[in-house]
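**Student:**
Numbering (this note's numbering), first residue to last: 1183 to 1436.
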């Protein structure tokens, strides 16, 4: 028969071992949970960082040609009504490639009456100018299109001259009138421009341009130069400076 003291000692030692193993298991489980939490946190941080990098690496592409403007040169209409030397009309179409770069196409026509001391003729012409405008300032708010710009154009005009009449003055043999057959020419020029556009009411704009132009083939008009060439202006001048006052309407998505 086992002695009571021995039983008591065994129970005491058993309880110590149970307490030790129980404490060790709790400590191990706690460390394991901590490691799992740290691992989970690391995974979350890594995922968040990866997501942020992916978001930062995706660049939003700016859409092109979403908004357009068309307009007429009001100043040419007014100036044509104030002279009998020429009549002209000009219009403009503009597409926004991006916020600070617009592509522009301009066109129009003109008729001119040229009366000199001894030569007279009439002519018609039409033109196209293509180029770009580079805008200076950023937008103050979404859809803001009020801005100043500089730009360049390449111009082409076709000129048709009617039959010309010339009078040769001679006090001894009398005056002689000669005629010259009709002729056509193509003219080319470069122009530099600057100006401003301002929205006065929704999608309605006012704008102005100043231009400096010079012919690329000035010798085409060696004689019988017209009073006015569509798109260029006073054809007898090289270079020539001109201005436009536009009324424009815009449409599309800003």
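Glycine included, each C-beta is placed from N, C-alpha and C at the ideal position.
1. What is the DSSP secondary structure of residue 1358, counted as helix, strand or coil?
2. Do you know offhand how far residue 1425's Cα is from residue 1356's?
3. Note down the Cα distance separating residue 1408 from residue 1435, rounded to an integer number of angstroms.
4. Comparing alpha-carbon positions, which option in 1383, 1369, 1315, 1284 lies nearest residue 1403?
5. Consult DSSP for residue 1436 and reduce its assignment to one of helix, strand or coil.
6. What separation, rounded to the nearest whole angstrom, lies between the Cα atoms of residue 1294 and residue 1415?
7. Could you pull out every residue in the same chain whose Cβ sits closer than 8 Å to the Cβ of residue 1271, ignoring the five residues on either side in sequence?
8. So the candidates are 1309, 1296, 1314, 1264; which of them puts its Cα closest to the Cα of residue 1279?
9. Identify, in the order they occur along the chain, each residue of the same chain with its Cβ nearer than 7 Å to the Cβ of residue 1282, setting aside the five sequence neighbours on each side.
10. Would you call residue 1411 buried or exposed, if buried means 16 or more other Cβ atoms sit within 10 Å of its Cβ?
11. When the Cα of residue 1392 is compared with those of 1386, 1377, 1286, which residue comes out closest?
12. Could you tell me which whole beta strand (DSSP E) segments of length 3 or greater appear in the region 1272-1322?
13. Helix, strand or coil for residue 1336, going by three-state DSSP, please let me know.
14. Where does residue 1428 land, buried or exposed, given buried means 16+ other C-beta within 10 angstroms?
15. Could you give the C-beta distance for residue 1385 and residue 1433, rounded to a whole number, given that I count them as a contact under 8 Å?
16. Could you please give me the residues that DSSP links to residue 1390 through a beta bridge?
17. Secondary structure at residue 1395, three-state DSSP: helix, strand or coil?
18. Taking the beta strand (DSSP E) that residue 1251 falls in, what are its first and last residues?
19. So the candidates are 1423, 1372, 1430; which of them puts its Cα closest to the Cα of residue 1338?
20. When the Cα atoms are used, what is the spatial distance from residue 1286 to residue 1274?
21. Give me the Cα-Cα distance between residue 1352 and residue 1359, rounded to the nearest whole angstrom.
22. Between which residues of its own chain and residue 1296 is the CB-CB distance below 6 Å, once the five residues before and five after are set aside?
23. Cα separation between residue 1375 and residue 1390?
24. To the nearest whole angstrom, what separates the beta carbons of residue 1250 and residue 1277, a pair I think is in contact under 8 Å?
25. For residue 1320 and residue 1430, what's the separation of their Cα atoms in angstroms?
26. If we count the other Cβ atoms within 10 Å of its Cβ and call it buried at 16 or more, is residue 1232 buried or exposed?
27. On a CA-only basis, which of 1419, 1364, 1396 is nearest residue 1335? Give me that one, please.
**Tutor:** Inspection of the coordinates gives the following:
1. strand
2. 45 Å
3. 43 Å
4. 1369
5. coil
6. 11 Å
7. 1254, 1255, 1258, 1259, 1262, 1290, 1291, 1292
8. 1314
9. 1316, 1317
10. buried
11. 1377
12. 1283-1297, 1301-1317
13. strand
14. buried
15. 6 Å
16. 1378, 1427
17. strand
18. 1249-1255
19. 1372
20. 7 Å
21. 11 Å
22. 1303, 1408, 1409
23. 10 Å
24. 5 Å
25. 21 Å
26. With a pLDDT of 47 at residue 1232, under the threshold of 50, the predicted position of this residue should be treated as unreliable, though the coordinate-derived value follows. Under this definition residue 1232 is an exposed residue.
27. 1396
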